[in-house]
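>
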Amino acid sequence: MSASIIPFPRKPAQNAVELEKIMRRWLAELSTDPELIEAVVARMLTFIEQYASKSFEPVFDLPVPRDLSQAETEALLEAIEKGTDAMARQVQQMINEIIIERFFLEVEIYKTRNSAVARSYLK
Numbered sequence: 001m002s003a004s005i006i007p008f009p010r011k012p013a014q015n016a017v018e019l020e021k022i023m024r025r026w027l028a029e030l031s032t033d034p035e036l037i038e039a040v041v042a043r044m045l046t047f048i049e050q051y052a053s054k055s056f057e058p059v060f061d062l063p064v065p066r067d068l069s070q071a072e073t074e075a076l077l078e079a080i081e082k083g084t085d086a087m088a089r090q091v092q093q094m095i096n097e098i099i100i101e102r103f104f105l106e107v108e109i110y111k112t113r114n115s116a117v118a119r120s121y122l123k
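Positions 1 to 123 (full-length UniProt numbering) are the ones given, in order, by the sequence shown.
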């Protein structure tokens, strides 16, 4: 499976079906165990809803001189908008990477727990 950055939605309810399909497709490439797939998808959807779907609006308390020209005001607003957009993209990429890491961690947790259960039955 090739790695790629997928912009996960901020509001999971909007694209929950699409997001679930992506996770199920990834899991189908990793395992044929339907219990693993169901467990990981359920835990990931909960994780995304609880932690990765929060939005934020940056707030600036930026004192500016009252005598700024219209051109200076527009340039300042444009610079703030560009900086905010760049920060939002960086935050979204970081969230995406965290979600992907968590996804693979959930797979490992499931496998570890189930191998421990299987070993306990063998004793």
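For glycine and all other residues, C-beta sits at the position ideal for the given N, C-alpha and C. Being a predicted model, the structure only gives us computed values, none of them experimental.
#1: What residue range does the alpha helix (DSSP H) around Ala42 cover?
#2: Is the beta carbon of Val64 sitting closer than 8 Å to the one on Leu76?
#3: Does residue 144 come out as helix, strand or coil in the three-state DSSP assignment?
#4: Report the three-state DSSP secondary structure of Ser115 (helix, strand or coil).
#5: Kindly indicate which three-state DSSP category Lys54 falls into: helix, strand or coil?
#6: Determine, using beta carbons only, whether Ile37 and Arg24 come nearer to each other than 8 Å.
#7: When the distance is taken between beta carbons, is Ala52 closer than 8 Å to Ile95?
#8: Quick one: what's got a C-beta closer than 8 Å to Met44's C-beta in the same chain, skipping five residues either side?
#9: Return helix, strand or coil for Leu62, following the three-state DSSP convention.
#10: What does the alpha-carbon distance come out to for the pair Leu19 and Ala42?
#11: In whole angstroms, what is the alpha-carbon distance linking Pro34 and Glu49?
Judging by the given coordinates:
#1: Counting along the chain, the alpha helix (DSSP H) containing Ala42 begins and ends at Pro34 to Phe47.
#2: It is a contact, given that the beta carbons lie within the stated cut-off.
#3: Missing from the structure shown is residue 144; the chain here goes from 1 to 123 and no further.
#4: Three-state DSSP puts Ser115 in a helix.
#5: DSSP places Lys54 outside both helix and strand once states are collapsed to three, so it counts as coil.
#6: Less than 8 Å divides the Cβ of Ile37 from the Cβ of Arg24.
#7: In this structure, the beta-carbon distance from Ile95 to Ala52 falls below 8 Å.
#8: Counting only Cβ-Cβ distances below 8 Å, and skipping sequence neighbours, we find Met23, Ile99, Arg102, Phe103 and Glu106.
#9: Note: Leu62 maps to coil in three-state DSSP.
#10: Taking the straight line from one Cα to the other gives about 12 Å.
#11: Between Pro34 and Glu49, the C-alpha separation is close to 22 Å.
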